[in-house]
Amino acid sequence: MRNRLAELRSTEGWTQQQLADRVGVSRQTVISLERGRYNPSIILAFRLARTFEIDIEKLFLYEEDDDDQ
Amino acid sequence: MTNSAAWADRQRRIGWALAATGGVACAAGLTLQAVSAALPFDPRVATGFGILLLGLAVAALMRGGVGVRDSDATRRLGVEELDERNVTIRRLAGSRAFRVSAALTYGLLMWVSISANGQLPALSPDGLWYALAAALVLPMLVYVVSVVQAQRSM
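In structure tokens form, the structure reads like this:
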């Protein structure tokens, strides 16, 4: 699943640690999310979307191929 | 109360409970050692168990931030502990370790059962000790390797 986390974070001017602190996860989780190596739980996905004040569909981009993962 | 604060609070409660139990076990062991001479067991076992509990108590209290001035470090530790990716990795590693543990224990049980009928060589007490030690250590090894592997790939 692709996401716009890195793009939105740099727009806000936050570091990975600052974003991690805002959503209550480790910095390593933010790194993994940005690299697309880890798909978040629905709760974390909503928390991230609310942090950036956008809809979840605009933050996480679901593709049909994601079903194979 | 945030999740990480609740986690630190729980660590402190566990720490104090372990410290109290460890203290009682140590005191009981030392008292039995001093008072009674003819016991069917060595009272130092109780003292040793108490020391082990006190060690675990210190670890839990340190995780809970007792005596640590830097509350930010405690908060970060709580976040790391409850972090969903870390929890996922630990569950994955735990599941693999459990499968290995179950397979080893099943194999050992089958060996002992079949050897009782004389269809396999019986395990000596030393052999049984090594087999049980392997059944304990190998799953731990699988757990650690799985955690490291998942940390890199996930």
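For the protein sequence lines, the chains are U and F, in the order given.
Here my numbering is used: position 48 in the first sequence is 48, and no number is missing along the way.
To get my numbering, take the position in the second sequence, counting from 1, and add 1000.
Using N, Cα and C, we set each Cβ at its ideal position, and we do this for glycine too.
As the structure is a prediction and not an experimental result, all values here were calculated from the model.
By a C-beta neighbour count over all protein chains shown, 10 Å radius and 16 as the cutoff for buried, is Q43/U buried or exposed? It is worth fixing the name first, because residue 43/U is Ile in this sequence and not Gln. Classification for I43/U: exposed.
Roughly how many angstroms separate the alpha carbons of L1092/F and E57/U, rounded to a whole number? Their backbone Cα atoms lie some 28 Å apart in a straight line.
For L1120/F and R1099/F, I'd like the C-alpha separation in whole angstroms. When rounded, the distance between both Cα atoms is 25 Å.
If we ignore side chains and look at the alpha-carbon of each, how far apart do Y62/U and L5/U end up? Roughly 14 Å between the two C-alpha positions.
Element boundaries [alpha helix (DSSP H), containing N1003/F]: Residues 1003–1035.
Leaving out five residues on either side along the sequence, give the residues of the same chain with a beta carbon under 7 Å from the beta carbon of I969/F. Outside the displayed span of chain F (1001 to 1154) sits residue 969/F, for which this structure offers no information.
Euclidean distance between Cα positions of P1040/F and A1025/F: Each residue's alpha carbon lies about 17 Å from the other.
If you check the beta carbons only, do V23/U and T51/U fall under 8 Å apart? Closer than 8 Å, so yes.
Would DSSP call R35/U helix, strand or coil? Correct three-state label for R35/U: coil.
Three-way DSSP call (helix, strand, coil) for F60/U in this model: Reduced to three states, the DSSP call for F60/U is strand.
Give me the subset of the region 26–52 of chain U whose CB atoms are less than 9 Å from a CB atom of chain F, sorted by chain position. So the close ones are S26, Q28, T29, S32, L33, R37, Y38, P40, S41, I43, L44.
Among all the DSSP beta bridges, which residues are the ones paired with N3/U? Bridge partners of N3/U: F60/U.
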